[in-house]
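Residue numbering for the sequence shown follows my numbering, starting at 13 and increasing by one per position.
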Amino acid sequence: MVKITVPATSANLGAGFDSLGLALAYYNQVEMSEDQGVHIFSEDGVAIPTDESNLIYQTAKSLYEKCGKPFCGLRIVQRNRIPLARGLGSSSACITAGLLGANALLGNPLARQELVNMAAVMEGHPDNTTPAFMGGMVTAAIENGQVYAVKQQLPDDIQFAAIVPDFELKTADARAALPSQVAHKDGVYNLSRAALMAVSLCTGHYENLRPAVEDRLHQPYRIGLIAHGRETVDQCYQLGAYAAYISGAGSTLMAILPRGNDSFVPQMANWLRERGLSGWRILLLEGDNDGAKVEQE
Ligand code: HSE
13 MVKITVPATS ANLGAGFDSL GLALAYYNQV EMSEDQGVHI FSEDGVAIPT
63 DESNLIYQTA KSLYEKCGKP FCGLRIVQRN RIPLARGLGS SSACITAGLL
113 GANALLGNPL ARQELVNMAA VMEGHPDNTT PAFMGGMVTA AIENGQVYAV
163 KQQLPDDIQF AAIVPDFELK TADARAALPS QVAHKDGVYN LSRAALMAVS
213 LCTGHYENLR PAVEDRLHQP YRIGLIAHGR ETVDQCYQLG AYAAYISGAG
263 STLMAILPRG NDSFVPQMAN WLRERGLSGW RILLLEGDND GAKVEQE
């Protein structure tokens, strides 16, 4: 049996659409062993598919097939802390767990880099899956199925407040809201800011983060899909965030905070309550610098 622990992730970091992401100390856990047939359990009551459509199962099976190994079935036990369809990398966590688990059960025939490549191809972009594997803040590009990435250590003088709405936003819907073409000047606007984020967050240039999360490729088109999203981002700045952005494809809004801003969470909770948004959750999170872990028993 293998146990896999995978961190939540927050992709895009504003302007770094499909390119930047970071890992958060908030984890899904999966136990996986070979078995005859499909035996899938949710240990925390979160509703997940328990048939062959289960993403961890499908991903693990595809790795067996890629390696040319006979596949009879799996027993999978999931603990799903990462909320589903909220822009915190829940599907990436499943893909990462499926690949790492199956690879471990087969005696690790594939190197981690190959798993990182497979995960990014399955997800369609490398900005969630790569930090899920590596931890830290990751700048990544994919070229012909190969991920080229650099991981940087997240500093410990910042924290992350994930403001999680009580509604889902499917990545497919959030991507369908995007235009098929953008103006050249908007491309330039974004690449300068994504580059600024890539060098500023992990080097402590926090004064750059607010302009760095400004973007013209996805957030202007998605924020309208998140009721109260725009005003929540504004409120993050009122309460002292260095930066606030749509996490991944949403619906979560992410604030990057100076450590020691102890008033942010209670004040944001009050503000949400006053607007009748008491179903929203605020998760105050540390960065994860280790990435996914596998234990074999
Ligand atoms: N970069 C992706 C997006 C992340 O924004 O659509 C979601 O998986």
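Think of the CB as a built atom: it goes at the ideal place given N, C-alpha and C, for glycine as much as any other residue. Predicted model only: the values in this text are computed from it and were never measured.
{"query": "Which stretch, first to last residue, makes up the alpha helix (DSSP H) that contains residue 188?", "result": "183 to 188"}
{"query": "For the ligand HSE, is there a heavy atom less than 7 Å away from the beta-carbon of residue 156?", "result": "no"}
{"query": "Return yes when at least one heavy atom of the ligand HSE lies under 7 Å from the C-beta of residue 5, else no.", "result": "This structure cannot speak to residue 5, because the chain is shown only from 13 to 309."}
{"query": "Give the DSSP bridge partners of residue 172, in chain order.", "result": "268, 297"}
{"query": "May I have the straight-line CA-CA distance separating residue 222 from residue 268, to the nearest angstrom?", "result": "10 Å"}
{"query": "How many angstroms separate the CA atom of residue 41 from the CA atom of residue 195?", "result": "42 Å"}
{"query": "How many angstroms separate the CA atom of residue 35 from the CA atom of residue 49?", "result": "33 Å"}
{"query": "Do residue 94 and residue 184 have their C-beta atoms within less than 8 Å of each other?", "result": "no"}
{"query": "Using the C-alpha atoms, what's the distance from residue 309 back to residue 255?", "result": "42 Å"}
{"query": "Could you check if residue 9 belongs to the surroundings of the ligand HSE, using beta carbon to heavy atom distance under 7 Å?", "result": "Not covered by the structure: residue 9. The range shown for the chain is 13 to 309."}
{"query": "Considering only residues of the stretch 104 to 160, which uninterrupted alpha helix (DSSP H) runs meet the minimum length of 4 residues and lie entirely inside it, listed in chain order?", "result": "124 to 135, 138 to 146"}
{"query": "Would you say residue 246 and residue 139 are within 8 Å of each other, going by their C-beta atoms?", "result": "no"}
{"query": "Could you please give the first and the last residue of the uninterrupted alpha helix (DSSP H) stretch that includes residue 208?", "result": "196 to 212"}
{"query": "From the DSSP output, read off the bridge partner residues of residue 49.", "result": "85"}
{"query": "What does a CB cutoff of less than 6 Å around residue 150 pick up in its chain, not counting 5 residues either side in sequence?", "result": "33, 142, 143, 161, 163"}
{"query": "So does the stretch 59 to 78 actually touch the stretch 285 to 297, counting three or more Cβ pairs closer than 8 Å?", "result": "no"}
{"query": "Is residue 9 near the ligand HSE - that is, is its Cβ less than 7 Å away from at least one heavy atom of it?", "result": "In this structure the chain extends from 13 to 309, so residue 9 is not present and cannot be described."}
{"query": "How about residue 185: is its Cβ closer than 7 Å to a heavy atom in the ligand HSE?", "result": "no"}
{"query": "CA-CA distance, residue 299 and residue 75?", "result": "29 Å"}
{"query": "Under 7 Å from any heavy atom of the ligand HSE, does the C-beta of residue 261 make it?", "result": "yes"}
{"query": "State the CB to CB distance for the pair residue 96 and residue 176, rounded to an integer number of angstroms; the pair is presumed to be in contact (CB under 8 Å).", "result": "That belief does not hold up - the Cβ atoms of residue 96 and residue 176 are roughly 11 Å apart, past 8 Å."}
{"query": "At which residues does the beta strand (DSSP E) containing residue 19 begin and terminate?", "result": "14 to 23"}
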